[in-house]
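Q: Residue numbering for the sequence shown follows this note's numbering, beginning at 77 and increasing consecutively. Heads up, the beta-carbon is just placed ideally off N, CA and C, and yes, glycines get one too. The structure displayed is predicted, hence computed values, not measured ones.
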Amino acid sequence: MCDRKQFLLGLERLDISISSAAVDKLLLYCQELQKWNRKINLLARETTAAEMVEKHFLDSLALLPLLHKHGGSAVGAKNFSSLLLDVGSGAGFPGLVLAAAMPELRVTLLEPRQKRTAFLRHVVRTLGLSNVQVREERLEPGQPLPEQFTFITSRAVAAPEIFLPLIEAAAGPETVVILMLAEEERQSWDAGRWETVERLKFVLPFSGDPRLLAAVRKLP
């Protein structure tokens, strides 16, 4: 079972605050992930509930400070209009987690594999999320998208020097791209095309594994 005490302690150690309703939704999501993972390959089969909480849910929630900071003054407002694109969402990390924690954020999940999109849609229905769109498609290099996203992110789809050219056509001049990296990774993308807006280092609350979030934006 996904442990509430562990979840809350992890949030405290990361200095992240979400509503109790959001915690309830994320714990339900975690339970559904455990069930589905026995049937289809969403995560490594040997992943424990404690590892799911720390290395997938809490790791995803660590993006919240950047979303609040770079989403503008509308964060939390009634007419909040920020959009987040999660490329290659897989089992929903980080996009679906962020949508459950931050209902004022509109989230689009791109995932090309049918079994995974079936899981994502199941979780969206189960959690009653109205701010999520699941699209069964693969983003191709140079492919523009009709929406203007405030944020674009992904986890483990590709190294930054591959991922940034992939999403460049989908990123507008004000779009903040959040790269989820291991701390030891250094800036290896084209500094002449992208500028770093912010770097946020942290460690996971139980294993102590290092993480680095790099917020970047296209140069004009």
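Quick check on the DSSP output: what are the complete alpha helix (DSSP H) runs of length 4 or more inside the stretch 223–289, in order along the chain?
A: Listed in chain order, they are 236–243.
Q: For the candidate residues 193, 93, 147, 130, whose alpha-carbon lies nearest to that of residue 286?
A: 130
Q: Span of the beta strand (DSSP E) holding residue 159?
A: 159–163
Q: Would you say residue 97 lies against chain B (beta-carbon separation less than 8 Å)?
A: You won't find chain B in this structure, because it holds only one protein chain.
Q: Taking the CB atoms as reference points, tell me whether residue 181 and residue 174 lie closer together than 8 Å.
A: yes
Q: Around the Cβ of residue 279, are there at least 16 other Cβ atoms within 10 angstroms (buried) or fewer (exposed)?
A: exposed
Q: Could you say which of 268, 91, 132 lies nearest to residue 109 if we only look at CA atoms?
A: 132
Q: Within 10 angstroms of its Cβ, does residue 244 collect 16 or more other Cβ (buried), or is it exposed?
A: buried
Q: Would you check if there are 3 or more beta carbon pairs closer than 8 Å linking the stretch 215–224 to the stretch 192–203?
A: Contact check between the stretch 215–224 and the stretch 192–203: fewer than three CB pairs, one atom from each, fall below 8 Å, which does not count as touching.
Q: Would you give the residue range spanned by the alpha helix (DSSP H) that residue 182 belongs to?
A: For residue 182, there is no enclosing alpha helix (DSSP H); the residue is part of the beta strand (DSSP E) that begins and ends at 182–186.
Q: From what residue to what residue does the beta strand (DSSP E) around residue 192 run?
A: Run containing residue 192: none in the beta strand (DSSP E); it sits in the alpha helix (DSSP H), 190–203.
Q: I'd like the list of long-range same chain contacts for residue 275, defined as Cβ closer than 6 Å, with 5 residues on each side in sequence excluded.
A: 290
Q: Using a Cβ-Cβ cutoff of less than 6 Å, which residues in the same chain neighbour residue 164 once the five nearest sequence positions on both sides are dropped?
A: 230, 233
Q: Between 158, 248, 240, 115, which has its C-alpha nearest residue 179's C-alpha?
A: Nearest option by C-alpha distance: 158.
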